[in-house]
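Residue numbers (my numbering): -12 to 126.
Glycine is no exception: its CB is placed at the ideal position from the N, C-alpha and C atoms.
Here the structure is a predicted model, which is why all the values come from computation and not from measurement.
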């Protein structure tokens, strides 16, 4: 059993998220080990705004989470996961803000880098903010 520090997902929430992740993740020769731990590390990092190297050791090696995040960003996995989650829970699709009320920092000018992960970072932050939202609620 994982400690609460090791997972940002409750068992109930993971039971909902795991099938969605399995639907969109690339199927390689070997399935990922500790997928819940790695996804938890990615979501934790985006919830807290930490650098990859600042991930608590309970999440495993930081580079595994960073590598998976970058690989999945380039393959569009996070976008597909967001679409699945949005279809699953219509409230999740309502988290976008009207851009007229957002001001950019004065240092925010410039084009995105080629092969950048900015869009995936935004999507993962949205997904991480709603980890428990998809879990069924008891009456």
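For residue 51 and residue 25, I'd like the C-alpha separation in whole angstroms. So the alpha carbons of these two residues sit roughly 7 Å apart.
Contact under 9 Å by Cβ, residue 66 with residue 106: Result yes, Cβ atoms of residue 66 and residue 106 sit closer than 9 Å.
What do you get for residue 28, buried or exposed, if any count of 16 or more other CB atoms within 10 angstroms of its CB means buried? When all chains shown are included, residue 28 counts as buried.
Status (buried if at least 16 other CB within 10 Å, exposed otherwise) for residue 72: Residue 72 is buried by the Cβ-count criterion.
Using the three-state DSSP reduction, which class does residue 21 fall into: helix, strand or coil? Looking at residue 21 - three-state DSSP - the assignment turns out to be coil, as it is neither helix nor strand.
Straight-line Cα distance separating residue 115 from residue -3: Pairing residue -3 with residue 115, the inter-Cα distance amounts to about 13 Å.
Nearest by alpha-carbon distance to residue 57: which of -5, 43, 104, 48 is it? It is 104.
Note the first and the last residue of the continuous alpha helix (DSSP H) segment covering residue 112. Here the alpha helix (DSSP H) through residue 112 covers 105 to 116.
Does DSSP put residue 64 in a helix, in a strand, or in coil? Note: residue 64 maps to helix in three-state DSSP.
Do residue 22 and residue 32 have their C-beta atoms closer together than 9 Å? It is not a contact, given that the beta carbons lie outside the stated cut-off.
Straight-line gap, residue 6 to residue 68 (C-alpha atoms, nearest Å): Answer to the nearest angstrom: the Cα atoms are 10 Å apart.
I'd like to know whether the C-beta atoms of residue 30 and residue 118 end up nearer to each other than 9 Å. Yes.
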